[in-house]
Amino acid sequence: MESTLQKPALVTAKTILYWIVTALFCLQMSFTAYAQLRLPQVALAFTHLGFPAYFRVELSWAKLLGVVLMLAPVPARLKEWAYAGFAITPASA
210 MESTLQKPAL
220 VTAKTILYWI
230 VTALFCLQMS
240 FTAYAQLRLP
250 QVALAFTHLG
260 FPAYFRVELS
270 WAKLLGVVLM
280 LAPVPARLKE
290 WAYAGFAITP
300 ASA
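Sequence positions in the sequence shown follow our numbering and run 210 to 302.
This is the structure in structure tokens:
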């Protein structure tokens with residue numbers, strides 16, 4: 210009869226892979242938030258697409274808040290909302 214417990218090495222590998230993927234994703238989201246806040250060509254692109262200036266700022270701060278929620282030890286419900294927000298962003302593009 211096999212044990213229902215996972216092997217410790219497999220759990221460690223999954224945990225490491227999870228944090229690598231999460232860190233890369235958070236870096237990408239942080240960079241896009243920075244670009245939306247600071248780079249004039251990105252602001253010009255938002256204006257060209259017809260979005261008001263405040264939308265670009267709100268979207269940037271929402272991305273930064275989502276990154277913090279994904280990396281911080283917060284309740285699972287908040288992490289779920291961060292994942293949902295990040296899923297809605299490319300789906301609505």
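Ideal placement from N, C-alpha and C gives every residue a C-beta, glycine not left out.
Using a Cβ-Cβ cut-off of 8 Å (strictly less than) and excluding sequence neighbours within five positions of C235, which residues of its own chain qualify?
Here residue 235 refers to the residue found at position 26 of the sequence shown. Counting only Cβ-Cβ distances below 8 Å, and skipping sequence neighbours, we find V276, M279 and L280.
Skipping 5 residues on each side, what residues in its chain have a beta carbon closer than 7 Å to that of R265?
Taking the sequence shown and counting its residues from 1, one reaches residue 265 at position 56. These residues qualify, in order along the chain: Q245, A252 and F255.
Straight-line CA distance for Y292 to A242?
Looking up residue 292 in the sequence shown gives position 83. Looking up residue 242 in the sequence shown gives position 33. Answer to the nearest angstrom: the Cα atoms are 16 Å apart.
Own chain partners of I151 with C-beta closer than 6 Å, once the 5 adjacent residues on each side are dropped
No answer is possible for residue 151: it lies beyond the span of the chain, which begins at 210 and ends at 302.
What first and last residue would you give for the alpha helix (DSSP H) that runs through F234?
Taking the first residue of the sequence shown as 1, we reach residue 234 at position 25. Run containing F234: P217 to R247, per the alpha helix (DSSP H) assignment.
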